[in-house]
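Chains as they are written, first to last, in my numbering: chain A, 64 to 352; chain B, 64 to 352. Positions of the beta carbon are idealized from the N, C-alpha and C atoms, including for glycine. Here the structure is a predicted model, which means the values were calculated and not measured.
Structure follows, in structure tokens:
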């Protein structure tokens, strides 16, 4: 049943911890070893039985592992890769894929055939291994971005890892991934931070939050996400984020003109189109519940 | 126990229907009569026992009522007021209060002493009387915007109506209400519509929705709200919406500059400040659950 006898997890945050918990819950491997610079995270994971052993270095964690999962902030991947031989089966979970490719090129000269870049579309505004959830990936999508050199068996094994955790795996190019995620995730987070910051710098911010009805409450939840992680993601995906941000700002300027001009019909056209798109796609997604 | 023997509800949508259902559930009145131009809505409410009788005109609904609740789109309030004598106890639920004051001045020459403008901070992206919910106002805020001429007994009775439905009542000026709501509700809805519209007009919008993780999903829910109602709200509160929109767009431009300049520290300062504000206020609200 299990493809892996020893899995090494580098970086025990929400995602690394959730993969460990999910592997344990489903008995998909014999041994999980983890490395994290925070001893506290390793201790928490050991105590809860999420991992079987804690390594004191990346080299020790990786040694003998038949799968290495890198779950660290996107901009620190390069320093991790320096400790990992190029012939080990490796996957990662970074929210932006181009910096992973760039790091591979810097460290190895190319993306190793046994390195399958990946990104589970699952998360939470909660952070850290304490928030790990063995069912986090169930009924979620995982995007893999192999290239033409990727070893077919490596790709199959990484795909089966995620499928065994309950996820649906899709493949796309690195550039396409980074563009889609800029739109569906990175821009929304940027807007949420900006909105909460704008409103809380207004006169009486206590009052603002007190009267926050549905609308603002939904926005503000994602503004509770880790600021350092999101700083890195936005920076790492700068060009794609700027591209969609500019389209959004241009639409906002158009809407502003409609409001100033008192063009009720123009406003309704936009609102109606948005509602139809949303309703259409949320119906298509109905089976997911 | 009950302050009212006969309550007339003008407009049987989500809010009017929920008030009717809440009054019935709590047995707070002897008779609820409703008027709505849609016979279908009246029939639904009669069949479910939400209302006791349906009136064929506003005049008939109001006759003999000791409280009239107007729950119609904000820009149609003036035509409703034309059918209501100035000495009846009236309250409304419009999301913008200045147009209600303006309508009173047009129809009566001033805000009647027995008219207490109100706004329950409760809603849903669902619409119509079929979505009515007897517990919609429980643990929610209701804002009343009386002026110095408002009759004290009328104010007391409207306040007690909402308190009996489980809400917390606060009072503020019309101008302040419209400013606070522009920030906490109207701007977030505008952003949600704009974001969904921007993204769904991109290349493959099916794909965009398919990979919409937490962030975008939260935004897109409020873009399912009634486009006509929101067109009216945004128009009715134009100046306050533009004021906060301009502050928001200016912050977005600053963030854009930080991304283009690769200023990671600058980005983190904003994200961190937003997270702290959000965490601080969500803790304060904890008791509400």
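Close Cβ partners of residue i (< 6 Å) along its chain, the five nearest in sequence each way excluded
i                     : result
residue 67 (chain B)  : 92, 129 and 130
residue 94 (chain B)  : 69 and 115
residue 72 (chain A)  : 79, 83, 97 and 132
residue 88 (chain A)  : 197
residue 228 (chain B) : 85 and 200
residue 217 (chain A) : 152, 177 and 179
residue 184 (chain B) : 203 and 204
residue 144 (chain A) : 166 and 170
residue 255 (chain A) : 282, 285 and 286
residue 81 (chain B)  : 195, 196 and 199
residue 234 (chain A) : 207
Beta-carbon contacts of residue i that lie in its chain and below 7 Å, excluding the five residues immediately before and after
i                     : result
residue 188 (chain B) : 284, 285, 287 and 288
residue 122 (chain A) : 146
residue 226 (chain B) : 232
residue 117 (chain B) : 97, 105 and 109
residue 137 (chain A) : 157, 158, 159, 162, 295, 296 and 299
residue 141 (chain B) : 166, 169 and 170
residue 194 (chain A) : 77 and 187
residue 213 (chain A) : 176 and 179
residue 90 (chain A)  : none
residue 249 (chain B) : 296, 297, 300 and 304
residue 236 (chain A) : 208
residue 292 (chain B) : 136
residue 99 (chain B)  : 74, 75 and 105
residue 265 (chain B) : 271
Any chain E beta carbon closer than 8 Å to residue i
i                     : result
residue 335 (chain A) : Looking at the structure shown, chain E is missing, and the protein chains on hand are A and B.
Inter-residue CB distance, residue i and residue j (contact presumed, cutoff 8 Å)
i                     : j                     : result
residue 271 (chain B) : residue 262 (chain B) : 5 Å
residue 190 (chain A) : residue 76 (chain A)  : 7 Å
residue 208 (chain B) : residue 180 (chain B) : 5 Å
residue 260 (chain A) : residue 336 (chain B) : 6 Å
residue 230 (chain A) : residue 205 (chain A) : 4 Å
residue 308 (chain A) : residue 253 (chain A) : 7 Å
residue 290 (chain B) : residue 338 (chain A) : 5 Å
residue 134 (chain B) : residue 74 (chain B)  : 4 Å
residue 282 (chain B) : residue 311 (chain A) : Not a contact, Cβ separation roughly 11 Å.
residue 334 (chain B) : residue 269 (chain A) : Their Cβ separation, rounded to whole angstroms, is 21 Å, which puts residue 334 (chain B) and residue 269 (chain A) out of contact at 8 Å.
residue 279 (chain A) : residue 251 (chain B) : 5 Å
residue 154 (chain A) : residue 221 (chain A) : 5 Å
Check: residue i C-beta below 7 Å from any heavy atom of the ligand FAD
i                     : result
residue 127 (chain B) : As for the ligand FAD, it is missing from this structure, which has no ligand bound.
Contact set for residue i: own chain, Cβ-Cβ below 8 Å, skip 5 residues either direction
i                     : result
residue 127 (chain B) : 69
residue 101 (chain B) : 75
residue 318 (chain A) : 330 and 333
Can you give, in chain order, each stretch of the beta strand (DSSP E) that sits fully within the region 283 to 315 of chain A and has at least 3 residues?
none
Contact set between the region 200 to 212 of chain A and chain B, restricted to residues whose Cβ is under 9 Å from the partner
203, 204 and 206
Alpha helix (DSSP H) runs wholly inside the region 170 to 213 of chain B, at least 4 long, in chain order:
none
With 8 Å as the C-beta to C-beta threshold (strictly closer), list the residues of the region 216 to 248 of chain A near chain B in chain order.
243, 244, 246, 247 and 248
Can you confirm whether the region 297 to 309 of chain A touches the region 325 to 337 of chain B when touching is taken to mean that 3 or more C-beta pairs between the two stretches lie within less than 8 Å?
yes
Compile a chain-ordered list of the residues in the region 152 to 182 of chain B whose CB is closer than 8 Å to at least one CB of chain A.
none
Check whether the region 163 to 178 of chain A and the region 304 to 315 of chain A are in contact - that is, three or more C-beta pairs closer than 8 Å.
no
Please give me, in chain order, every unbroken run of the alpha helix (DSSP H) with length at least 4 that falls completely inside the region 117 to 143 of chain B.
121 to 125
For the region 73 to 107 of chain B, which residues have a beta carbon sitting closer than 7 Å to at least one beta carbon of chain A?
none
Any 3 or more C-beta pairs closer than 8 Å across the region 238 to 245 of chain A and the region 147 to 160 of chain A
yes
In the region 307 to 335 of chain A, which residues sit with their C-beta less than 7 Å from some C-beta in chain B, listed in chain order?
308, 310, 311, 312, 314, 315, 318, 319, 322, 323, 325, 327, 330, 331, 333, 334 and 335
Within the region 208 to 265 of chain B, note down every full alpha helix (DSSP H) run reaching 4 residues or more, in order along the chain.
215 to 227, 237 to 244 and 250 to 263
Residues from the region 108 to 140 of chain A in contact with chain B, defined by Cβ distance under 7 Å:
none
Check each residue of the region 182 to 196 of chain A: if its Cβ is closer than 8 Å to any Cβ of chain B, include it; give the result in chain order.
184, 185, 186, 187 and 188
In chain order, what residues of the region 290 to 302 of chain A put their CB closer than 8 Å to some CB of chain B?
290, 291, 293, 294, 295, 297, 298 and 301
At a CB distance below 8 Å, what residues from the region 270 to 288 of chain B approach chain A? Give them in sequence order.
270, 271, 272, 273, 274, 275, 276, 277, 278, 279, 281, 282, 283, 284, 285, 286, 287 and 288
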